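Shown next, in structure tokens, is the structure this report addresses.
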Amino acid sequence: MTKYLVGLGWPFRQHTTFDATAARVLNVLEEVNREAPLKGLRWGLDHCETLSPQTLERVARLGGSINIQNRMSLDGEAFLQKYGAELAADAPPIKRIREMGIPLACGTDANRATSYNPWLGVHWLLAGKTLGGAKLQGDHNLLDRTEALRLYTAAGAWMSSEEAKKGTLEPGRLADLAILSQDYFSIPLDDVKNLEALMTMVGGRVVYGAGPYARLDPPAPPALPDWLPLRHYGGYHKASAAEAAPLAAQRHPLILSNSGSWSLECSCGGF
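For the sequence shown, my numbering gives the first residue as 65, with consecutive numbering after it.
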């Protein structure tokens with residue numbers, strides 16, 4: 065299947081949390097690469113919390129990229145308890161990835177591995193702390209505010225081969241932008257995770273407005289498909305903390321590999 069995709073020139077991504085899983089994936093990719101070169105496809109690995117220097121070298125040789133999420137900020141205490149502070153300080157090894165020249169971006173894994181809220185992830189890149197306040201990431205892996213913001217914008221646009229039309233605010237590119245509740249570059253570090261959009265534009269069109277921009281807020285679009293329950297039982301809904309608590313108490317999936325298992329709030333079936 066991989067050889068077929070590469071032959072078509074299609075980029076692909078593989079979920080690899082543990083180093084042992086990434087090694088098995090790379091065994092296949094190196095074999096495919098002998099007949100169908102991977103370089104230029106912008107293929108990559110996702111999650112990558114425990115990838116070793118040797119594995120990263122293999123990724124670099126094949127022209128791969130890495131996309132990470134702030135999963136450690138949500139469930140890092142469990143990882144710390146199971147694997148210890150030394151491994152947690154490099155989960156994932158952000159500095160090493162960047163030093164090796166491997167393209168790196170941040171995201172949410174389609175909102176399955178982490179929250180849709182990018183500011184929780186940006187805060188993690190800056191502070192290396194879980195939302196519970198535990199310091200996990202080593203200081204050598206922390207980024208400055210410009211670097212962290214770039215991983216959520218321009219770097220992601222590169223991953224999808226859309227860097228010529230979005231990811232930065234420049235003439236001729238899509239007017240995708242937001243006016244924030246505070247100045248990201250000057251507020252105290254711990255306030256970053258509380259940032260909110262007061263106005264959001266996509267392609268130059270206002271799609272959300274609040275506070276002083278509420279008058280610009282368009283009506284919510286109809287829910288599709290038409291069989292969705294919310295079309296018949298009320299509008300959009302934000303669960304209260306009490307209602308959400310039973311969800312948080314649910315038993316979450318185990319990510320398994322030869323290296324062990326790691327329980328976290330990710331239903332993406334990652335390795």
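Glycine included, each C-beta is placed from N, C-alpha and C at the ideal position.
Every value quoted in this text rests on a predicted model; they were computed, and no experiment measured them.
Beta-bridge pairing of residue i - partner residues as DSSP gives them
i, result
"aspartate 270", "The residue you asked about is not aspartate; residue 270 is valine in the sequence shown. Valine 270 pairs with Met265."
"alanine 287", "The partner list for alanine 287 (beta bridge, DSSP) is empty, contrary to what the question assumes."
"aspartate 110", "His79 and Asn131"
"alanine 18", "Lying outside 65 to 335, the shown extent of the chain, residue 18 is not represented and no answer is given."
"alanine 153", "BP columns for alanine 153 are empty, so no partner."
"lysine 193", "Lys199"
Test item: CB-CB of residue i and residue j under 8 Å
i, j, result
"alanine 219", "leucine 168", "yes"
"leucine 241", "methionine 223", "no"
"alanine 142", "leucine 200", "no"
"isoleucine 166", "glycine 197", "no"
"valine 70", "leucine 115", "no"
"alanine 261", "leucine 244", "yes"
"methionine 136", "threonine 172", "no"
"proline 117", "arginine 88", "no"
"isoleucine 130", "valine 123", "yes"
"valine 270", "histidine 187", "no"
"threonine 217", "threonine 232", "yes"
"proline 156", "arginine 106", "no"
"glycine 268", "alanine 221", "no"
beta-carbon residue i near the ligand ADP non-hydrogen atom, thresh 7 Å
i, result
"threonine 210", "Because no ligand of any kind appears in the structure shown, any question about the ligand ADP cannot be addressed here."
Anticipated Cβ contact below 8 Å, residue i with residue j, distance rounded
i, j, result
"glutamate 113", "threonine 81", "6 Å"
"leucine 253", "leucine 190", "6 Å"
"leucine 144", "threonine 178", "Contact flag wrong, Cβ pair sits at about 17 Å."
"threonine 66", "valine 96", "5 Å"
Three-way DSSP call (helix, strand, coil) for residue i in this model
i, result
"glutamine 78", "strand"
"isoleucine 158", "helix"
"lysine 67", "helix"
"leucine 93", "helix"
"lysine 146", "helix"
"alanine 169", "strand"
"lysine 229", "coil"
"lysine 199", "strand"
"glycine 275", "helix"
"arginine 237", "coil"
"glycine 185", "helix"
Sequence-distant residues of its chain with Cβ nearer than 6 Å to residue i (five each side left out)
i, result
"leucine 72", "none"
"glycine 148", "none"
"leucine 206", "Gly192"
"isoleucine 158", "Asn205"
"leucine 90", "Arg122"
"glutamine 78", "Val89 and Leu109"
Contacts around residue i, its chain only, beta-carbon distance under 8 Å, and the 5 residues preceding and following it disregarded
i, result
"aspartate 203", "Gly192"
Beta-carbon proximity list for residue i, same chain, < 7 Å, skipping 5 on both sides
i, result
"glutamine 246", "Asp255 and Leu259"
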